[in-house]
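Colleague: Here it is, the structure in full.
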Amino acid sequence: MNNNEKQFEDFVSDMKFDDAPDSEHRDKLEQRLICAMAKRPRPIKIWRIIMKSNVSKLAAAIIIIGIVLSFHVFEKLSSPAWAIEQTIEALKDLRAVYMNGIFPGGTAEIWMRANKIGTQSGDVVVRGSHGAVTWIKDGSTYHYESGQNTVYFENAITVGFSQWLGPELLEMLSKVAGAEIMRGKDPATGRQRATLMCSLLDSNGPQSWIIEFDVETKLPVSFKHWSNLDMSGPPAFYAFKIIYYQELADSLFEVSIPGNPVYVEKPLTIPDQNIGILSNPQKGMSAYGLSRQQACEQILRALYNAVIEGDLDKLKNLAPLSENWGDDFLRDVILRTGKPDRIVEVVKIGQISKTGRSKIGPIVAVPVVFKREDGSMVEQNMVIQIRQLGGKSSCVVHGPYGLPREIE
């Protein structure tokens, strides 16, 4: 017996099949297959961040929408009303979700609930099959590595969904030009399904999604996520089980770390895939004769003024990742035209709070406080790329660092 045959025999021996044709058989079989595959060693190239744990890569991967991104959706949206609009209605009273899934190297369970106004994730806990845990507390993100006895942290909410995995997100997806929802029937259960396929390039790098909906309940039942634009290779995360709730108990979001772990702050980084777009000398703003703080204040004030005034050309120039998003999409998602959370005033641009470096120069995070039309005040950290191109100093806005935070 050769090595390949031995690996296959070992792989199959991990699986215990139940061929009884009951209604739960398909889900049980799928989960056993997935768990068996997770144990099988195989070479996989995935998105690298500071933490070596695959769960930390999963946690980074489930960030979804930033203030500047380009969004491409495969093919054409045929008839979204019956799937998307009804799903939006079905999700309005559901504020929490549980997900079970697989990522390269293991499995994970995720508990998540929306913030008070339902616009983004509020509380999140990700528990991996090998003991790693990622969670949010007091506006910061923590990731525990049991093997290293180390907790990596960021002073920002960098795990979760913005928009929340609910009506806002699905409404946004429904308005993307060229989207397609495919309809079909699950051959194992006979239930009608609708499937949305999309890809995006945002401040977290390239991403692709397949989201499956149950036509009868109107709710999402699974999704796959890739850290690329063509859905190639194994997914970075495959949520094969999604259950929505009106609420989840506070105890599910309480994390207690044993012993006395070391706490290490994660550095500020941007994906290498975004460097080419940020290197365009025709984009951005001159920083000649300015300090880093002055350059950041100048470009951020110009960016938010463009948002307030509805100047899409200026927005695309200062934040080049947004250039290929589409004007209708920009108006709805960034400008928030006609919505109560539209930005109406920049209240304060703070001091540089975090620094890092990319292949083309220093990167910095700067907090911005702005006021929305509904009167709420929000703080958002923004990442600026400082450049030296052709002997000239300039800067561009890369995107948000973490999720926005409402303040008193």
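Each residue of the sequence shown is one higher than the one before, starting from 26 at the first, in the numbering used here.
The C-beta atom is built at its ideal place from N, Cα and C for all residues, glycine as well.
(1) State buried or exposed for I235, treating a residue as buried only when at least 16 other CB atoms are found within 10 Å of its CB.
(2) Tell me which residues share the same chain as V369 and place their Cβ nearer than 7 Å to its Cβ, disregarding the 5 neighbours each side in the sequence.
(3) Quick check on the DSSP output: the alpha helix (DSSP H) that includes N174 runs from which residue to which?
(4) Taking the DSSP output, what are the residues bridged to K210?
(5) DSSP on V287, reduced to helix/strand/coil?
(6) DSSP puts M124 in a beta bridge; with which residues?
(7) Could you tell me how far apart the beta carbons of I432 and E404 are, in whole angstroms, since I believe they sit closer than 8 Å?
(8) Out of A331, E237 and E205, state which residue places its alpha-carbon closest to the alpha-carbon of V246.
(9) Rounded to whole angstroms, what's the CA-CA distance from M124 to H168? Just pull it up for me.
(10) Span of the alpha helix (DSSP H) holding D255?
(11) How about W136 and V280: do their beta carbons lie closer than 7 Å?
(12) Looking at the structure shown, is L273 part of a helix, part of a strand, or coil, going by DSSP?
(13) Work out the CA separation of S233 and G215 for me, nearest whole Å.
(14) Please identify the residue among D366, D297, S311 and R361 whose C-alpha is closest to the C-alpha of P231.
(15) Is it right to say V372 is buried, meaning 16 or more other beta carbons lie within 10 angstroms of its own, or is it exposed?
(16) I think S171 touches A157, with their Cβ atoms under 8 Å apart; what is that distance to the nearest whole Å?
(17) So, at 7 Å on beta carbons, what are the nonlocal neighbours of G415 in its own chain, with the 5 sequence-adjacent residues on each side left out?
(18) What distance in whole Å lies between the Cβ atoms of A121 and E241, which are believed to be in contact at a cut-off of 8 Å?
(19) Roughly how many whole angstroms lie between the Cα atoms of M15 and C223?
(20) Assuming K243 is part of the alpha helix (DSSP H), what are its boundary residues?
(21) What's the gap between the Cα of L363 and the Cα of D353?
(22) Considering only residues of the same chain and omitting the five flanking positions on each side of V394, which have a CB-CB separation below 6 Å?
(23) Whole angstroms are fine: how far does the CA of E348 sit from the CA of K339?
(24) Among Y288, T294, D275 and T220, whose alpha-carbon lies nearest the alpha-carbon of V148?
(25) V421 to S304, Cα distance in whole Å?
(26) A219 to V289, Cα distance in whole Å?
(27) Going by CA-CA distance only, name the one from A213, Q217 and P212 that's closest to I206.
(28) Comparing C-alpha positions only, which one of T175, W350 and H155 sits nearest to I282?
(29) Excluding five sequence neighbours on each side, which residues of the same chain lie with their C-beta closer than 7 Å to the C-beta of P260?
(30) Going by beta carbon distance, what residues of the same chain come within less than 7 Å of R152, once the five residues before and after it are set aside?
(31) Whose CA, out of F128, P129 and A139, lies closest to the CA of F278?
(32) What's the gap between the Cα of L328 and the Cα of K291?
(33) With H, G and I counted as helix, E and B as strand and the rest as coil, what does DSSP make of T183?
(34) Does the separation of the CB atoms of V150 and T166 fall below 7 Å?
(35) If you draw a straight line from the C-alpha of V98 to the C-alpha of G126, how long is it?
(36) Looking only at C-alpha atoms, which of L343, P345 and L337 sits nearest to D357?
Modeller: Checking against the coordinates, here is how it stands:
(1) Residue 235 sits at position 210 when you count from the first residue of the sequence shown. Around the beta carbon of I235, 16 or more other beta carbons lie within 10 angstroms, which makes this residue buried.
(2) Reading the sequence shown from its first residue, position 344 is the one you call residue 369. Taken in chain order, the residues that qualify are I333, K396, R397 and E398.
(3) Numbered from 1 along the sequence shown, position 149 holds the residue referred to as residue 174. For N174, there is no enclosing alpha helix (DSSP H), as DSSP gives it neither H nor E.
(4) Taking the sequence shown and counting its residues from 1, one reaches residue 210 at position 185. Partner(s): Q217.
(5) Along the sequence shown, read from residue 1 onward, the residue named residue 287 stands at position 262. V287 falls in the strand class under three-state DSSP.
(6) As a position in the sequence shown, residue 124 is number 99, starting the count at 1. Answer is I135 and I267.
(7) As a working mapping, residue 432 is identified with position 407 in the sequence shown. As a working mapping, residue 404 is identified with position 379 in the sequence shown. Approximately 5 Å separates the beta-carbon atoms of I432 and E404; this is inside 8 Å, confirming the contact.
(8) Start at 1 with the first residue of the sequence shown, and residue 246 comes out as number 221. Here the closest residue by C-alpha is E237.
(9) What you label residue 124 is simply residue 99 of the sequence shown in a count that begins at 1. What you label residue 168 is simply residue 143 of the sequence shown in a count that begins at 1. C-alpha separation (whole angstroms): 18 Å.
(10) Mapped onto the sequence shown, residue 255 falls at position 230. Annotation: D255 is outside any alpha helix (DSSP H) and is labelled neither H nor E by DSSP.
(11) Taking the first residue of the sequence shown as position 1, residue 136 is located at position 111. Taking the first residue of the sequence shown as position 1, residue 280 is located at position 255. With a cutoff of 7 Å on beta-carbon distance, W136 and V280 are scored as not near each other.
(12) Here the question's residue 273 lines up with position 248 in the sequence shown. In the three-state scheme derived from DSSP, where H, G and I count as helix and E and B as strand, L273 is classed as coil.
(13) The sequence position of residue 215 within the sequence shown is 190, counting from 1. The sequence position of residue 233 within the sequence shown is 208, counting from 1. The straight-line gap separating the alpha-carbon atoms of G215 and S233 is approximately 27 Å.
(14) For the purposes of this step, residue 231 is taken as residue 206 along the sequence shown, with counting starting at 1. With distances taken between Cα atoms, P231 lies closest to D297.
(15) On the sequence shown, position 347 is the one that residue 372 refers to. Taking all protein chains shown into account, V372 has fewer than 16 neighbouring C-beta atoms within 10 Å of its C-beta and is therefore exposed.
(16) Residue numbering aside, residue 171 sits at position 146 when the sequence shown is read from its first letter. Residue numbering aside, residue 157 sits at position 132 when the sequence shown is read from its first letter. Correct: roughly 6 Å between the Cβ atoms.
(17) As a first step, residue 415 must be located in the sequence shown, where it is residue number 390. Cβ neighbours of G415 within its own chain (closer than 7 Å, five residues either side excluded): P306.
(18) Taking the first residue of the sequence shown as position 1, residue 241 is located at position 216. Taking the first residue of the sequence shown as position 1, residue 121 is located at position 96. Contact annotation, E241 with A121: C-beta distance approximately 21 Å; criterion of less than 8 Å not satisfied.
(19) This structure cannot settle anything about residue 15, because the visible part of the chain is limited to 26 through 433.
(20) Here residue 243 refers to the residue found at position 218 when the sequence shown is read from its first residue. Boundaries cannot be given for K243, as no alpha helix (DSSP H) includes it and DSSP labels it neither H nor E.
(21) As a working note, residue 363 is residue 338 in the sequence shown. As a working note, residue 353 is residue 328 in the sequence shown. One detail in the question is off: residue 363 reads as Gly in this sequence, not Leu. G363 and D353: Cα-Cα distance of roughly 13 Å.
(22) Position 369 of the sequence shown, counting from 1, holds the residue named residue 394. Counting only Cβ-Cβ distances below 6 Å, and skipping sequence neighbours, we find V372, K373 and E404.
(23) Within the sequence shown, the letter at position 314 stands for residue 339. Within the sequence shown, the letter at position 323 stands for residue 348. Counting only the Cα atoms, E348 lies some 10 Å from K339.
(24) For this step, residue 148 is matched to residue 123 along the sequence shown. The sequence as given places Asp at residue 148; Val does not occur at that position. Cα-wise, what sits closest to D148 is D275.
(25) Working through the sequence shown from its first residue, we reach residue 421 at position 396. Working through the sequence shown from its first residue, we reach residue 304 at position 279. Going from the Cα of V421 to the Cα of S304 covers about 9 Å.
(26) By one-based count along the sequence shown, residue 219 stands at place 194. By one-based count along the sequence shown, residue 289 stands at place 264. A219 and V289: Cα-Cα distance of roughly 43 Å.
(27) Numbered from 1 along the sequence shown, position 181 holds the residue referred to as residue 206. For I206, the closest C-alpha among the options A213, Q217 and P212 is that of Q217.
(28) Numbered from its first residue, the sequence shown carries residue 282 at position 257. When only C-alpha atoms are compared, the closest one is T175.
(29) Residue mapping note: residue 260 aligns to position 235 of the sequence shown, counting from 1. Annotation for P260: K249, H250 and W251 place their beta carbon closer than 7 Å to its own, counting only its chain and skipping 5 residues before and after.
(30) Along the sequence shown, read from residue 1 onward, the residue named residue 152 stands at position 127. So the list reads A133, E134 and V158, once near-sequence residues are dropped.
(31) In the sequence shown, the residue the question calls residue 278 occupies position 253. Residue A139 is the option with its Cα nearest to F278.
(32) If you number the sequence shown from 1, residue 328 lands on position 303. If you number the sequence shown from 1, residue 291 lands on position 266. Computed Cα separation, rounded: 27 Å.
(33) Translated into the one-based positions of the sequence shown, residue 183 becomes position 158. T183: coil per DSSP, three-state reduction.
(34) Stepping through the sequence shown from its first residue, residue 150 is reached at position 125. Stepping through the sequence shown from its first residue, residue 166 is reached at position 141. Not in contact: V150 and T166 (Cβ atoms no closer than 7 Å).
(35) Mapped onto the sequence shown, residue 98 falls at position 73. Mapped onto the sequence shown, residue 126 falls at position 101. A caution first: V98 carries a pLDDT of 32, below 50, which makes its placement in the model too unreliable to give a value.
(36) Locating residue 357 in the sequence shown gives position 332, where the first residue counts as 1. Of L343, P345 and L337, the residue nearest in Cα terms is L337.
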